[in-house]
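Heads up, the thing below is written out as C-alpha coordinates.
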Amino acid sequence: MILDLLRLFLFPALMAFAAASDLFTMTISNRVSLLLIAGFLVLAPLTGMGLTEIGLHLGAGLAVLAVTFGCFAMGWVGGGDAKVAAAAALWFGFAHLLDFLVYASLFGGALTLLLLGFRQWPLPYPLVGQSWLLRLHAKETGIPYGIALAMGALMVYPQTEWIRAVDIARFALH
1 MILDLLRLFL FPALMAFAAA SDLFTMTISN RVSLLLIAGF LVLAPLTGMG LTEIGLHLGA
61 GLAVLAVTFG CFAMGWVGGG DAKVAAAAAL WFGFAHLLDF LVYASLFGGA LTLLLLGFRQ
121 WPLPYPLVGQ SWLLRLHAKE TGIPYGIALA MGALMVYPQT EWIRAVDIAR FALH
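Using full-length UniProt numbering, read the sequence shown as starting at 1 and increasing by one per residue.
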(Lines of atoms letter the chains of each structure in order from A and count residues from 1; the text may use other names and numbers.)
(Lines give C-alpha, C1' and ligand atoms only; values in the text may rest on other atoms or scores of the structure.)
Protein backbone atom coordinates (compact mmCIF):
# COMPACT_ATOMS: atom_id res chain seq x y z
CA MET A 1 0.00 0.00 0.00
CA ILE A 2 2.90 2.38 0.74
CA LEU A 3 4.33 1.70 -2.72
CA ASP A 4 0.95 2.46 -4.27
CA LEU A 5 0.74 5.74 -2.37
CA LEU A 6 4.23 6.67 -3.51
CA ARG A 7 3.33 5.81 -7.12
CA LEU A 8 0.20 7.91 -6.87
CA PHE A 9 1.64 10.98 -5.19
CA LEU A 10 5.45 11.30 -5.32
CA PHE A 11 5.94 12.21 -8.98
CA PRO A 12 2.83 14.44 -9.26
CA ALA A 13 3.67 16.27 -6.02
CA LEU A 14 7.25 16.96 -7.09
CA MET A 15 6.14 18.16 -10.53
CA ALA A 16 3.50 20.43 -8.97
CA PHE A 17 6.14 21.80 -6.61
CA ALA A 18 8.47 22.48 -9.55
CA ALA A 19 5.68 24.39 -11.33
CA ALA A 20 4.80 26.45 -8.26
CA SER A 21 8.45 27.18 -7.54
CA ASP A 22 9.04 28.32 -11.11
CA LEU A 23 5.91 30.48 -11.05
CA PHE A 24 6.76 32.26 -7.81
CA THR A 25 10.57 32.43 -7.97
CA MET A 26 11.53 31.70 -11.61
CA THR A 27 13.82 28.95 -10.28
CA ILE A 28 13.53 25.23 -9.70
CA SER A 29 15.75 23.86 -6.98
CA ASN A 30 18.16 21.07 -7.84
CA ARG A 31 16.57 19.19 -4.95
CA VAL A 32 13.41 18.69 -7.00
CA SER A 33 15.32 17.00 -9.81
CA LEU A 34 17.39 14.99 -7.34
CA LEU A 35 14.24 13.83 -5.51
CA LEU A 36 12.65 12.83 -8.83
CA ILE A 37 15.75 10.80 -9.72
CA ALA A 38 16.03 9.24 -6.25
CA GLY A 39 12.32 8.44 -6.22
CA PHE A 40 12.60 6.67 -9.55
CA LEU A 41 15.72 4.74 -8.54
CA VAL A 42 14.05 3.54 -5.33
CA LEU A 43 10.58 2.81 -6.72
CA ALA A 44 11.55 1.22 -10.03
CA PRO A 45 13.09 -1.98 -8.59
CA LEU A 46 10.62 -2.10 -5.69
CA THR A 47 7.71 -2.10 -8.12
CA GLY A 48 9.14 -4.87 -10.29
CA MET A 49 10.90 -2.96 -13.05
CA GLY A 50 13.73 -5.04 -14.48
CA LEU A 51 17.27 -3.89 -15.18
CA THR A 52 16.70 -3.63 -18.92
CA GLU A 53 13.64 -1.45 -18.46
CA ILE A 54 15.43 0.69 -15.85
CA GLY A 55 18.27 1.09 -18.35
CA LEU A 56 15.84 2.25 -21.04
CA HIS A 57 14.33 4.77 -18.65
CA LEU A 58 17.82 6.02 -17.81
CA GLY A 59 18.50 6.31 -21.53
CA ALA A 60 15.38 8.43 -22.02
CA GLY A 61 16.42 10.70 -19.16
CA LEU A 62 19.96 11.06 -20.50
CA ALA A 63 18.71 11.75 -24.04
CA VAL A 64 16.46 14.54 -22.78
CA LEU A 65 19.27 15.88 -20.58
CA ALA A 66 21.59 16.06 -23.62
CA VAL A 67 19.02 17.97 -25.68
CA THR A 68 17.92 20.29 -22.87
CA PHE A 69 21.54 20.97 -21.89
CA GLY A 70 22.08 22.15 -25.46
CA CYS A 71 18.97 24.33 -25.19
CA PHE A 72 20.27 25.71 -21.90
CA ALA A 73 23.67 26.45 -23.46
CA MET A 74 21.90 28.40 -26.20
CA GLY A 75 19.95 30.38 -23.59
CA TRP A 76 16.59 28.97 -24.67
CA VAL A 77 15.64 27.31 -21.37
CA GLY A 78 16.67 27.63 -17.76
CA GLY A 79 18.90 25.10 -16.05
CA GLY A 80 16.18 24.03 -13.64
CA ASP A 81 13.79 23.44 -16.53
CA ALA A 82 16.39 21.33 -18.33
CA LYS A 83 17.04 19.17 -15.27
CA VAL A 84 13.36 18.71 -14.40
CA ALA A 85 12.55 17.76 -18.00
CA ALA A 86 15.27 15.10 -17.91
CA ALA A 87 14.18 13.81 -14.50
CA ALA A 88 10.57 13.57 -15.70
CA ALA A 89 11.74 11.73 -18.83
CA LEU A 90 13.40 9.23 -16.52
CA TRP A 91 9.98 8.36 -15.09
CA PHE A 92 8.34 8.12 -18.52
CA GLY A 93 10.98 6.17 -20.38
CA PHE A 94 10.76 6.04 -24.16
CA ALA A 95 7.23 4.57 -24.03
CA HIS A 96 5.64 7.86 -22.95
CA LEU A 97 8.41 10.33 -23.73
CA LEU A 98 6.97 11.68 -26.97
CA ASP A 99 3.56 12.26 -25.36
CA PHE A 100 5.22 14.15 -22.50
CA LEU A 101 7.30 16.29 -24.84
CA VAL A 102 4.35 17.11 -27.10
CA TYR A 103 2.12 18.09 -24.18
CA ALA A 104 4.89 20.13 -22.55
CA SER A 105 5.54 21.90 -25.86
CA LEU A 106 1.87 22.70 -26.39
CA PHE A 107 1.43 23.97 -22.84
CA GLY A 108 4.72 25.87 -23.16
CA GLY A 109 3.55 27.59 -26.33
CA ALA A 110 0.22 28.51 -24.76
CA LEU A 111 1.96 29.76 -21.60
CA THR A 112 4.38 31.84 -23.67
CA LEU A 113 1.58 33.46 -25.66
CA LEU A 114 -0.40 34.10 -22.48
CA LEU A 115 2.54 35.73 -20.74
CA LEU A 116 3.50 37.81 -23.78
CA GLY A 117 -0.06 39.12 -23.87
CA PHE A 118 -0.10 39.67 -20.10
CA ARG A 119 3.12 41.67 -20.34
CA GLN A 120 1.62 44.05 -22.91
CA TRP A 121 -0.81 45.49 -20.37
CA PRO A 122 0.01 47.48 -17.26
CA LEU A 123 -0.22 45.53 -14.05
CA PRO A 124 -3.32 46.60 -12.06
CA TYR A 125 -2.34 48.70 -9.06
CA PRO A 126 -3.64 46.26 -6.37
CA LEU A 127 -1.25 43.61 -7.75
CA VAL A 128 1.87 45.80 -7.88
CA GLY A 129 2.89 44.78 -4.35
CA GLN A 130 3.36 41.14 -5.35
CA SER A 131 7.05 40.68 -6.14
CA TRP A 132 6.51 37.35 -7.90
CA LEU A 133 3.85 38.92 -10.13
CA LEU A 134 6.10 41.89 -10.91
CA ARG A 135 8.86 39.45 -11.92
CA LEU A 136 6.43 37.45 -14.07
CA HIS A 137 5.13 40.66 -15.68
CA ALA A 138 8.58 42.03 -16.53
CA LYS A 139 9.23 41.84 -20.28
CA GLU A 140 12.89 40.93 -19.78
CA THR A 141 11.96 37.93 -17.63
CA GLY A 142 11.87 34.51 -19.22
CA ILE A 143 9.02 32.04 -19.27
CA PRO A 144 8.57 29.79 -16.22
CA TYR A 145 8.64 26.67 -18.37
CA GLY A 146 8.51 24.42 -15.31
CA ILE A 147 4.75 25.07 -15.36
CA ALA A 148 4.44 23.65 -18.87
CA LEU A 149 6.67 20.70 -18.01
CA ALA A 150 4.55 19.90 -14.97
CA MET A 151 1.29 20.21 -16.90
CA GLY A 152 2.60 17.96 -19.66
CA ALA A 153 3.86 15.44 -17.12
CA LEU A 154 0.59 15.41 -15.21
CA MET A 155 -1.34 14.83 -18.43
CA VAL A 156 0.73 11.77 -19.31
CA TYR A 157 1.42 10.25 -15.89
CA PRO A 158 -2.05 8.66 -15.43
CA GLN A 159 -1.48 6.60 -18.60
CA THR A 160 1.81 5.12 -17.39
CA GLU A 161 2.51 1.78 -15.77
CA TRP A 162 3.18 3.65 -12.54
CA ILE A 163 -0.54 4.35 -12.19
CA ARG A 164 -1.95 1.32 -14.01
CA ALA A 165 -0.17 -0.92 -11.50
CA VAL A 166 -1.91 0.70 -8.52
CA ASP A 167 -4.73 -1.33 -7.03
CA ILE A 168 -7.30 1.43 -6.51
CA ALA A 169 -9.84 -1.04 -5.13
CA ARG A 170 -7.60 -1.60 -2.13
CA PHE A 171 -7.95 2.08 -1.20
CA ALA A 172 -11.76 1.96 -1.52
CA LEU A 173 -12.00 -0.79 1.09
CA HIS A 174 -10.10 1.11 3.78
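All C-beta atoms, glycine included, are put in the ideal place defined by N, C-alpha and C.
Bear in mind that the values here come from a model prediction, so they are computed numbers and not experimental data.
By alpha-carbon distance to ARG7, the top candidate from ALA44, LEU133 and ARG31 is ALA44. The way I'd put it, the region 47 to 54 doesn't touch the region 109 to 122; fewer than three beta-carbon pairs between them come closer than 8 Å. Judged by DSSP secondary structure, ASP22 falls within the alpha helix (DSSP H) whose first and last residues are 2 to 25. Listed in chain order, the non-local C-beta contacts of ALA60 below 7 Å within the same chain comprise ALA89, LEU90, PHE92, GLY93, PHE94 and LEU97, local neighbours out to five positions each way being set aside. Residue burial annotation: GLY152 is buried, with at least 16 other C-beta atoms found within 10 angstroms of its C-beta.
Taking 4 residues as the minimum length, the region 56 to 86 contains no alpha helix (DSSP H) run wholly inside it.
Take the alpha-carbon of GLU140 and the one of VAL77: they are about 14 Å apart. For GLU140, the three-state secondary structure derived from DSSP is coil. Taking the Cα positions, LEU106 is about 31 Å away from VAL42.
The Cβ neighbour count for VAL84, taken over all protein chains shown within 10 Å, is at least 16; the residue is labelled buried.
A check of alpha carbon separations from MET155 across PHE69, PHE100, ALA73 and ASP4 identifies PHE100 as the nearest. One alpha carbon belongs to LEU46, the other to LEU113, and they sit about 42 Å apart. The beta carbons of ALA18 and VAL32 sit closer together than 8 Å.
MET15 is not a Cβ neighbour of ALA110, given a cutoff of 8 Å. Leaving aside the five residues that flank VAL166 on each side, the residues in its chain whose CB is nearer than 8 Å to its CB run, in chain order, ASP4, ARG7 and LEU8.
Under the DSSP assignment, LEU127 falls outside any alpha helix (DSSP H); it carries neither an H nor an E label.
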